[in-house]
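Just so you know, the protein sequences line up as chains S and V, in that order. Using the numbering used here, read the first sequence as starting at 317 and increasing by one per residue. Using the numbering used here, read the second sequence as starting at 317 and increasing by one per residue. Read the structure below first, then the notes.
2 protein chains.
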Amino acid sequence: MAEENVVFVGKKPTMNYVLAVVTQFNNNADSVIIKARGKAISKAVDVAEIVRNRFVPTAQYKDIRIGTETLQSERGETNVSSIEIVMHKA
Amino acid sequence: MAEENVVFVGKKPTMNYVLAVVTQFNNNADSVIIKARGKAISKAVDVAEIVRNRFVPTAQYKDIRIGTETLQSERGETNVSSIEIVMHKA
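In structure tokens form, the structure reads like this:
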């Protein structure tokens, strides 16, 4: 299966997102993309590393992309950094 | 020049690290490596994106690596995530 599954990391506890990624791999996903913005970027890296070190040792980083997204807020536009971590299970 | 210069991102304001990276590029560095651990990872991504979008438009990401480092503390070992963003100026 070639579909790519996305887990968007936000304010919930780290292990919630770890579980979401592991579940997708256990459901035969080849690839899972972990996405985050702003301060959640650090948590996204934690999620990826915990998945790889503790739960899915055959998972590898296929691509790690960083960028900037523009958000609309009441006070106009603000820029926020983003990350996309593409994990692939061999 | 092929030497690689490292900027370690920590608790100071983001623009301090942006200035450090820009200064290294202006001193003819081809590559600058931005490193961070734990919660500073988000700030490291901000630093890289601000350098690229505002100050050094020819800079590209040559490599983005994430990993886990083991730190010794009073309460034993703790794991912390890390990032290394390798920026290269064409």
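Think of the CB as a built atom: it goes at the ideal place given N, C-alpha and C, for glycine as much as any other residue.
1. So, with DSSP's three-state summary, where would you put Lys328 (chain V)?
2. Could you tell me the alpha carbon to alpha carbon distance between Ala364 (chain V) and Ile401 (chain V), rounded to whole angstroms?
3. Looking at the strands, I want to know which residues DSSP matches up with Gln340 (chain S).
4. Which partner residues does Asp379 (chain S) have in the DSSP bridge list?
5. Residues in the same chain with beta-carbon distance under 6 Å from Ile366 (chain V), minus the five sequence neighbours each way, listed in chain order, please.
6. I'd like to know if Val361 (chain S) contacts chain V, where contact means its C-beta is closer than 7 Å to some C-beta of that chain.
7. Strictly under 7 Å for the Cβ-Cβ distance: is Glu365 (chain V) near chain S by that measure?
8. Please compile the residues from chain S whose C-beta is within a distance smaller than 8 Å of the C-beta of Asn344 (chain V).
9. Of the choices S:Glu393, S:Thr339, S:Val361, S:Lys359, whose alpha-carbon is the least far from that of Thr384 (chain S)?
10. Does the region 332-351 of chain S come close enough to the region 367-382 of chain V that 3 or more CB-CB pairs lie under 8 Å?
11. Give every residue of the same chain whose Cβ lies closer than 8 Å to the Cβ of Thr330 (chain V), excluding the five residues on either side of it in the sequence, and list them in chain order.
12. Output, in chain order, the set of chain S residues within a Cβ distance shorter than 7 Å of Thr384 (chain V).
13. Can you pull the DSSP bridge partners for Glu352 (chain V)?
14. What does Ile357 (chain S) reach in chain V if we use C-beta pairs closer than 8 Å?
15. Please report the distance separating the alpha-carbon of Phe324 (chain S) from that of Ile350 (chain S).
16. Check whether the Cβ of Ser397 (chain V) lies closer than 7 Å to any Cβ atom in chain S.
17. Grouping DSSP H, G and I as helix and E and B as strand, with all else coil, what is Gly392 (chain S)?
18. Helix or strand or just coil, what does DSSP make of Val322 (chain S)?
On the basis of the coordinates in this document:
1. Here residue 328 (chain V) refers to the residue found at position 12 when the second sequence is read from its first residue. Of the three classes helix, strand and coil, the one that applies to Lys328 (chain V) here is coil, per DSSP.
2. What you label residue 364 (chain V) is simply residue 48 of the second sequence in a count that begins at 1. What you label residue 401 (chain V) is simply residue 85 of the second sequence in a count that begins at 1. Approximately 8 Å, taken between the alpha carbons.
3. As a working mapping, residue 340 (chain S) is identified with position 24 in the first sequence. The partner list for Gln340 (chain S) (beta bridge, DSSP) is empty, contrary to what the question assumes.
4. Within the first sequence, the letter at position 63 stands for residue 379 (chain S). Bridge partners of Asp379 (chain S): S:Val402.
5. Walking along the second sequence from the start, residue 366 (chain V) turns up at place 50. Excluding sequence neighbours, Ile366 (chain V) sits near Val334.
6. Position 45 of the first sequence, counted from the start, is the residue given in the question as residue 361 (chain S). Yes - at least one Cβ of chain V is within 7 Å of the one on Val361 (chain S).
7. Counted from its first residue, the second sequence places residue 365 (chain V) at position 49. Interface residue, yes.
8. To locate residue 344 (chain V), count along the second sequence from 1; it is residue 28. Result: empty, since nearest Cβ-Cβ is about 25 Å, beyond 8 Å.
9. Numbered from its first residue, the first sequence carries residue 384 (chain S) at position 68. Of the candidates S:Glu393, S:Thr339, S:Val361, S:Lys359, the one whose C-alpha sits nearest the C-alpha of Thr384 (chain S) is S:Glu393.
10. no
11. Within the second sequence, the letter at position 14 stands for residue 330 (chain V). Hits under 8 Å: Lys359, Asp362, Val363, Ile366.
12. In the second sequence, counting from the first residue as 1, residue 384 (chain V) sits at position 68. Going along chain S in sequence order, the residues near Thr384 (chain V) (Cβ under 7 Å) are Glu365, Asn369.
13. Walking along the second sequence from the start, residue 352 (chain V) turns up at place 36. Checking the sequence shown, residue 352 (chain V) turns out to be Ala, not Glu. V:Ile399.
14. Taking the first residue of the first sequence as 1, we reach residue 357 (chain S) at position 41. The contacting residues are Ile357, Ser358, Val361.
15. Along the first sequence, read from residue 1 onward, the residue named residue 324 (chain S) stands at position 8. Along the first sequence, read from residue 1 onward, the residue named residue 350 (chain S) stands at position 34. The alpha-carbon atoms of Phe324 (chain S) and Ile350 (chain S) are separated by roughly 6 Å.
16. On the second sequence, position 81 is the one that residue 397 (chain V) refers to. Yes, because at least one Cβ of chain S sits closer than 7 Å to the Cβ of Ser397 (chain V).
17. As a working mapping, residue 392 (chain S) is identified with position 76 in the first sequence. Looking at Gly392 (chain S) - three-state DSSP - the assignment turns out to be strand.
18. Position 6 of the first sequence, counted from the first residue, corresponds to residue 322 (chain S). Of the three classes helix, strand and coil, the one that applies to Val322 (chain S) here is strand, per DSSP.
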